[in-house]
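Colleague:
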Amino acid sequence: MGIFDRLFGKELEIDEAKSDANCKKMRALFNQVVENGSDYKLVFGFTEDVSRFNYGLVHGSKSKIGNLIVGWNEASETIVVVPTVPDLSGCGDPTCYRRADIHKAYRNKYPTDAFIIYPDRKGYIGINIYDWLEDESLYIYVSQEAEVREFTDFFMTRFQTK
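The opening position of the sequence shown corresponds to residue 1193 in this note's numbering, with each subsequent residue numbered one higher.
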C-alpha cells in the first residue's frame, strides 16, 4: 500500500506495464547524460526549487514542480540529479552531489518530507520522493516503493550530515 493509499484510505490500481516502461525511459535518459550512469540506482523525484531545476517551466509548462531523475551510487556516496519533464521526452544537464563536497544534508520531516542538500552556503535543493505518483500532468507515472526504501536508507545512513 503506497503513501496516497495510506493518506486517503483507499487502494489504487497500479499499471505496472506503464510504470516499468517509464522506469526504462528514466534509465535511458539518465545513462545518456551521466557518465557511468549504469553504476547508479534510480528513483523519480521532484522539487519545488523552480529557480534551478524547473525544466518544465523553461519549456512552456505552467507547473511549478521540477521533475527529477535521481541517481545514487553507494560506493562513491554520490547523488546525481537530472531535471526532466513528466512525459520523459527530454532532460536537462545533471548536477552531481558528492558527500565529501556538500555543506549539509538532512531529511526535512515537516512540512515537506523532502531530502535537503546544501552543496554550499548559498543554495539548496529539496528532493521529494514518494513510493507512488499518478498525476501524469505533473509527475512521471511510476510505482517505486522498493526504490524509495533503498534511497531513504542510503541517504539517512550514508549521505546526511549529523
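C-beta: ideal position from N, C-alpha, C; glycine also.
Quick caveat, the model's predicted, so the values are computed rather than measured.
(1) Taking the Cβ atom as the reference point for each residue, do Tyr1310 and Lys1301 lie within a distance shorter than 7 Å?
(2) Kindly give me the distance between the Cβ atoms of Pro1286 and Val1226, rounded to whole angstroms, as I take these residues to be in contact under 8 Å.
(3) Smallest Cα separation from Ser1329: which of Ala1292, Gly1258, Arg1299?
(4) What three-state label does DSSP hand Asp1304 in the structure shown?
(5) Among the residues of its own chain, which have a CB less than 7 Å from the CB of Asn1223, if the five just before and after it don't count?
(6) Return the first residue and the last residue of the beta strand (DSSP E) that Lys1233 is part of.
(7) Inspect the beta-carbon positions of Ala1306 and Ile1319 and report whether they are closer than 7 Å.
Modeller: Looking at the coordinates:
(1) Residue mapping note: residue 1310 aligns to position 118 of the sequence shown, counting from 1. Residue mapping note: residue 1301 aligns to position 109 of the sequence shown, counting from 1. No, Cβ-Cβ distance for Tyr1310 and Lys1301 is not below 7 Å.
(2) Here residue 1286 corresponds to residue number 94 of the sequence shown, with the count starting at 1. Here residue 1226 corresponds to residue number 34 of the sequence shown, with the count starting at 1. 5 Å between Cβ atoms; contact.
(3) What you label residue 1329 is simply residue 137 of the sequence shown in a count that begins at 1. Taking each of Ala1292, Gly1258, Arg1299 in turn and checking the Cα distance to Ser1329, the smallest one comes out for Gly1258.
(4) Taking the first residue of the sequence shown as position 1, residue 1304 is located at position 112. The sequence shown places Thr at residue 1304, rather than the Asp named in the question. Under the three-state reduction of DSSP, Thr1304 is assigned to coil, being neither helix nor strand.
(5) For the purposes of this step, residue 1223 is taken as the residue at position 31 of the sequence shown. Hits under 7 Å: Gly1229, Ser1230.
(6) The residue you call residue 1233 lines up with position 41 of the sequence shown. Unbroken beta strand (DSSP E) run through Lys1233: 1233-1239.
(7) Looking up residue 1306 in the sequence shown gives position 114. Looking up residue 1319 in the sequence shown gives position 127. In this structure, Ile1319 lies closer than 7 Å to Ala1306 by Cβ.
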